[in-house]
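Have a look at the structure below before the remarks.
There are 2 protein chains.
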Amino acid sequence: MKNTRITLKDLAKDLNLSASTISRALGNHPAISASTKKRVQKKAEELGFVPNSIASSFRKKRTQTIGVIVPRIDIHFHSLVISGIEEFAYNNGYNVTIFQSKDLLKREKEIAKTLQNKMLDGVIVCLGIETKSCDHFKKINKLGIPLVFYDRVPTDFDANKIVINDFESAYLATEHLIKNGCKQIGHISGSQTTNIFKARLEGYKAALKKYNLPIEESLILFTNSLSYEEGVQCAETYLKSSLKPDGIFCANDYTAVSVIQVFRKAEIKIPEDVAIVGFSNYPISKIIEPHLTTINDRAFQMGEAATKLLIRQIEEKDDSITSETITLKTELIIRESSTRS
Amino acid sequence: MKNTRITLKDLAKDLNLSASTISRALGNHPAISASTKKRVQKKAEELGFVPNSIASSFRKKRTQTIGVIVPRIDIHFHSLVISGIEEFAYNNGYNVTIFQSKDLLKREKEIAKTLQNKMLDGVIVCLGIETKSCDHFKKINKLGIPLVFYDRVPTDFDANKIVINDFESAYLATEHLIKNGCKQIGHISGSQTTNIFKARLEGYKAALKKYNLPIEESLILFTNSLSYEEGVQCAETYLKSSLKPDGIFCANDYTAVSVIQVFRKAEIKIPEDVAIVGFSNYPISKIIEPHLTTINDRAFQMGEAATKLLIRQIEEKDDSITSETITLKTELIIRESSTRS
DNA sequence: CTGAAAGCGCTTACAG
DNA sequence: CTGAAAGCGCTTACAG
Numbered sequence: 001m002k003n004t005r006i007t008l009k010d011l012a013k014d015l016n017l018s019a020s021t022i023s024r025a026l027g028n029h030p031a032i033s034a035s036t037k038k039r040v041q042k043k044a045e046e047l048g049f050v051p052n053s054i055a056s057s058f059r060k061k062r063t064q065t066i067g068v069i070v071p072r073i074d075i076h077f078h079s080l081v082i083s084g085i086e087e088f089a090y091n092n093g094y095n096v097t098i099f100q101s102k103d104l105l106k107r108e109k110e111i112a113k114t115l116q117n118k119m120l121d122g123v124i125v126c127l128g129i130e131t132k133s134c135d136h137f138k139k140i141n142k143l144g145i146p147l148v149f150y151d152r153v154p155t156d157f158d159a160n161k162i163v164i165n166d167f168e169s170a171y172l173a174t175e176h177l178i179k180n181g182c183k184q185i186g187h188i189s190g191s192q193t194t195n196i197f198k199a200r201l202e203g204y205k206a207a208l209k210k211y212n213l214p215i216e217e218s219l220i221l222f223t224n225s226l227s228y229e230e231g232v233q234c235a236e237t238y239l240k241s242s243l244k245p246d247g248i249f250c251a252n253d254y255t256a257v258s259v260i261q262v263f264r265k266a267e268i269k270i271p272e273d274v275a276i277v278g279f280s281n282y283p284i285s286k287i288i289e290p291h292l293t294t295i296n297d298r299a300f301q302m303g304e305a306a307t308k309l310l311i312r313q314i315e316e317k318d319d320s321i322t323s324e325t326i327t328l329k330t331e332l333i334i335r336e337s338s339t340r341s
Numbered sequence: 001m002k003n004t005r006i007t008l009k010d011l012a013k014d015l016n017l018s019a020s021t022i023s024r025a026l027g028n029h030p031a032i033s034a035s036t037k038k039r040v041q042k043k044a045e046e047l048g049f050v051p052n053s054i055a056s057s058f059r060k061k062r063t064q065t066i067g068v069i070v071p072r073i074d075i076h077f078h079s080l081v082i083s084g085i086e087e088f089a090y091n092n093g094y095n096v097t098i099f100q101s102k103d104l105l106k107r108e109k110e111i112a113k114t115l116q117n118k119m120l121d122g123v124i125v126c127l128g129i130e131t132k133s134c135d136h137f138k139k140i141n142k143l144g145i146p147l148v149f150y151d152r153v154p155t156d157f158d159a160n161k162i163v164i165n166d167f168e169s170a171y172l173a174t175e176h177l178i179k180n181g182c183k184q185i186g187h188i189s190g191s192q193t194t195n196i197f198k199a200r201l202e203g204y205k206a207a208l209k210k211y212n213l214p215i216e217e218s219l220i221l222f223t224n225s226l227s228y229e230e231g232v233q234c235a236e237t238y239l240k241s242s243l244k245p246d247g248i249f250c251a252n253d254y255t256a257v258s259v260i261q262v263f264r265k266a267e268i269k270i271p272e273d274v275a276i277v278g279f280s281n282y283p284i285s286k287i288i289e290p291h292l293t294t295i296n297d298r299a300f301q302m303g304e305a306a307t308k309l310l311i312r313q314i315e316e317k318d319d320s321i322t323s324e325t326i327t328l329k330t331e332l333i334i335r336e337s338s339t340r341s
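Protein sequence lines, in the order shown, are assigned to chains D and Y. Quick note: the first sequence, position 175, residue 175 per full-length UniProt numbering, numbers continuous. Quick note: the second sequence, position 228, residue 228 per full-length UniProt numbering, numbers continuous.
Here it is in structure tokens:
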């Protein structure tokens, strides 16, 4: 049963043709006559010929495979991005091989190293949380393998990047709260070593400034990972604080949800007493009551855009790899948690 | 810059050794002297030698790569399974290539076909919702490629399967409701063309029988995809119905959450008036109020178990591929939505 | 302990 | 329109 895969040679012998002709016929080469092509295709079908794409990859030095490094697959944002990557890749004849760094720098480095063996046609990366420098990716570039980063992108490194405009998104979210009558707006922020959270904080501050509202440092709370649990703690901090917010822009949806729940338990009305905006448009934002106003962070599109850019670079004839940064437009999704009539 | 990858031959020339020796030294072959190994490794490092694993795969007819076909990556259950697969594979030196069938039979067939080219060492599959027959996977078996199904597994086909005990889990969930004093227990079920939902329905019925409770057909509601929206409809159906449940076992967490929300809006107390149990332990189950009692469906472990079984079959010397079915133990996670003191 | 040789299954430049 | 030949970069059975 096993090892009975037939090869071009077998087909050639069977048809009294050369392997070259078989190869070309199956590859739909223009120089081959239609009748030969038909004969070859028929026989291939008949014998159950399965081309060995490893042999082909080896010969052509093209694997038609894209490597993807994500912190974790089971984080909804990343699974959406991967879905976008897979979809675009599939439609363009590429496969996708997945690696999880688990947010561990050590593991990210290991992966970056083994990736070089794999003869991948290109690589898409979202950096892990521990990663400060990107030296371990420079080698991939040196080997001429196109590389695209998304979301958490390097700063020490002139590379292809797909990002959203975190600053502007945060600005719009905060402005929306202001326009709904909030005067004392708080912010729950993520780790300041991560650029996107820095940018969201800055966008929030910029909106306050623009509308001549004071920036109250006591209303700005920092978390490590924007977890649900940390959100609960932040909410309790607000409750105990002397200066109370009448609106809160949260840097993700989990913390926004936890604030809503803690506040409601404390008989604070959302959005009447406090209006809430989250970030990312997680599924839960449409389920929590009141439904959460949030930012659509275009995860799926990010995957598509990364893959599109990557494939373009793979297939471009000239070797001059240029770096591009694509900023996707986000969208403020207005729901009940922030809407005061 | 590009195409400057050095090969074994280059190293050999540089060191005045044969390519065979270089290959063996790098592969840590026992016949090579320690001093030679050191020399080779040092030089390899020095010249930045990156082995071409495609050439190696081609030669060895082993790609160290596992293919995974899932309906969708962005469904939390599957992303958890994939995470388990990737983790186990990574720790055992295998890569993971992902394909999404999008629950489309046509696409699943396409993927199954192209998979055969890829010389994958093994394949893990969760069938799409449209799939009734598995003929398109039989060829993979015939080629001697080990194959493991998980969750949605074939019935027309003697294959390796990783499943949970849906019947027993449903039985336990229902029994739990009974023990919490429920007398009229409803069930929200999924598509009856899918075995796991059939089994959950049967487990629910079996528990009722066991405890001499009547099976009221009007309390059993069917949905297509157990979506949140369908859950809302089911909840409304219950509200309008003459026979009202005092407990509901939902075949997933989304419908359970929607029922909780609709009922609470209708001033029905959870769990006092109606106790609710879900299925899958989605993140939302810990967030919804009251927290949802549910079944931990062991998604991550399913991925690990599938990969473990697959790799065992890949690495087993003898060709006699046997079929194994592994049933993972689930766990009833008791939270507030069902707990009457 | 090391080397020469063959070959994995394709593709493609060259020749006709 | 078709074929002969070379070769991609490894690995491994065989020989010494």
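The C-beta atom is built at its ideal place from N, Cα and C for all residues, glycine as well.
C-alpha gap between residue i and residue j, whole angstroms
i: A112/D; j: H136/D; result: 6 angstroms
i: I164/Y; j: A170/Y; result: 11 angstroms
i: L239/D; j: T330/Y; result: 39 angstroms
i: residue 342/Y; j: T97/D; result: Residue 342/Y lies beyond the residue range present for chain Y, which begins at 1 and ends at 341; the question has no answer from this structure.
i: I73/Y; j: I85/D; result: 11 angstroms
i: R312/D; j: I66/D; result: 13 angstroms
i: Y150/D; j: A89/D; result: 16 angstroms
i: N141/D; j: G144/Y; result: 38 angstroms
i: Q116/D; j: L127/D; result: 17 angstroms
i: E229/Y; j: I284/D; result: 13 angstroms
i: V70/Y; j: V40/Y; result: 43 angstroms
i: R200/D; j: D253/D; result: 14 angstroms
i: P51/D; j: T7/D; result: 7 angstroms
i: K205/D; j: E289/D; result: 28 angstroms
Buried versus exposed, by CB contacts within 10 Å (16 or more), residue i
i: N91/Y; result: exposed
i: L243/Y; result: exposed
i: H29/Y; result: exposed
i: S35/D; result: exposed
i: P214/Y; result: exposed
i: Y211/Y; result: exposed
i: Q100/Y; result: buried
i: E108/Y; result: buried
i: I133/D; result: Correcting the residue identity first, residue 133/D is Ser in this sequence and not Ile. S133/D is exposed by the Cβ-count criterion.
i: Q301/D; result: buried
i: L226/D; result: buried
i: G186/Y; result: buried
i: T155/Y; result: exposed
i: T322/D; result: exposed
i: A44/D; result: buried
For residue j and residue i, believed in contact at Cβ under 8 angstroms, the rounded distance
i: N180/D; j: A275/D; result: 6 angstroms
i: A55/Y; j: F58/D; result: 6 angstroms
i: K61/Y; j: M119/Y; result: 7 angstroms
i: Q64/Y; j: N16/Y; result: Going by Cβ atoms, the distance from Q64/Y to N16/Y rounds to 32 angstroms, so no, they are not a contact pair.
i: S338/D; j: L177/D; result: 6 angstroms
i: G190/D; j: D166/D; result: Between D166/D and G190/D the Cβ distance is about 11 angstroms, and since that is not below 8 angstroms, they are no contact.
i: L332/D; j: L80/D; result: At roughly 19 angstroms, the Cβ-Cβ gap does not stay under 8 angstroms, so L332/D and L80/D are not in contact.
i: L208/Y; j: T174/Y; result: 7 angstroms
Proximal residues to residue i (C-beta, below 6 angstroms), its chain only, five neighbours per side dropped
i: I314/D; result: D121, G122, P146
i: R24/D; result: I32
i: I129/Y; result: D103
i: E267/D; result: none
i: C250/D; result: I188, A256, G278
i: D110/Y; result: In the sequence on display, residue 110/Y carries Glu and not Asp. Counting only Cβ-Cβ distances below 6 angstroms, and skipping sequence neighbours, we find nothing.
Close-in-space but distant-in-sequence residues of the same chain around residue i (CB under 8 angstroms, 5 per side omitted)
i: L309/D; result: V148, N160, I162, E324, I326
i: K9/Y; result: A19
i: C234/Y; result: I188, L221, T223, T255, S258, V259
Cut-off 7 angstroms between Cβ atoms - residues of its own chain near residue i, not counting five sequence neighbours on either side
i: T131/D; result: L105, E108
i: S83/Y; result: F300, G303
field: Completely contained alpha helix (DSSP H) runs for the segment 239-300 of chain D, where each covers 4 or more residues
entry: 253-265
- prompt: Of all the beta strand (DSSP E) runs that stay within the bounds of the segment 174-229 of chain D, which reach a length of 3 or more residues?
  reply: 185-189, 220-222
query: Fully enclosed by the segment 101-142 of chain D, which beta strand (DSSP E) runs are 3 residues long or longer?
result: 122-125
query: What alpha helix (DSSP H) runs, 4 residues minimum, are completely inside the UniProt domain "HTH lacI-type" (6-60) of chain Y?
result: 8-15, 19-26, 34-47, 53-60
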